[in-house]
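Shown next, in structure tokens, is the structure this report addresses.
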Amino acid sequence: SRFGLALRGARQNEGRVISLGIRPYTIRLTVFVISGMVTALAGALYADLNRFVSPTMLSWQMSGEIMIFVILGGVGRLFGPLAGAGLFILLEHLLGGISDHWQALLGLLLLGVVLYARGGLIGILAGRARDV
2 SRFGLALRGA RQNEGRVISL GIRPYTIRLT VFVISGMVTA LAGALYADLN
52 RFVSPTMLSW QMSGEIMIFV ILGGVGRLFG PLAGAGLFIL LEHLLGGISD
102 HWQALLGLLL LGVVLYARGG LIGILAGRAR DV
């Protein structure tokens with residue numbers, strides 16, 4: 002779509018988008034508002050599912066886990082956080098059976114992803130698909 006192309010252009014080369022007469026601030030603000038709306042909907046559905054809301058449900062640990070989902074799956078990818086969440090849950094169960102210190106092992110894996118696989122899991126899979 003035209004909006005998607007403008008968004009991609011605003012991310013890659015802001016000066017070129019400005020020269021085309023498109024204001025990147027407006028594009029980014031629109032995406033931020035859409036993201037907030039989707040997040041609010043997810044929070045409302047989560048509260049409805051649990052029939053209970055507590056401040057402990059929104060701890061810094063939950064925010065940290067969500068950041069790990071995004072980093073493992075791939076930043077800037079549509080299905081990256083979903084793949085990262087699946088990988089995190091799988092590793093939690095596998096590594097939890099091996100050691101009580103599974104979080105340290107997961108931290109080492111996360112460090113490896115940040116250093117060697119900047120695109121995350123989806124980036125690795127997309128690279129392999131391109132090679133085929």
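Residues 2 to 133 in my numbering are what the sequence shown lists, from first letter to last.
Virtual Cβ for every residue (Gly too), placed ideally from N, Cα, C.
Does the region 118–125 come close enough to the region 57–76 to have 3 or more Cβ pairs within less than 8 Å? yes
What three-state label does DSSP hand I125 in the structure shown? The three-state reading of DSSP puts I125 in helix, counting H, G and I together.
Tell me whether D101 sits in a helix, a strand or coil according to DSSP, three-state version. coil
Give the straight-line distance between the Cα atoms of F4 and H102, rounded to the nearest whole angstrom. 46 Å
State buried or exposed for P82, treating a residue as buried only when at least 16 other CB atoms are found within 10 Å of its CB. Burial is judged here by how many other beta carbons sit within 10 angstroms of a residue's own beta carbon; P82 has at least 16 and is buried.
Mapping DSSP to helix, strand and coil, what is I23? Three-state result, I23: coil.
Could you spell out where the alpha helix (DSSP H) holding S64 opens and where it closes? W61 to G74
G5: first and last residue of the uninterrupted alpha helix (DSSP H) it sits in: Where G5 is concerned, the enclosing alpha helix (DSSP H) stretches over R3 to Q13.
Taking contact to mean at least 3 C-beta pairs separated by less than 8 Å, is the region 84–95 in contact with the region 41–49? no
Is R136 helix, strand or coil when you go by DSSP? Only positions 2 to 133 of the chain appear in the structure, and residue 136 is not among them; the question remains open.
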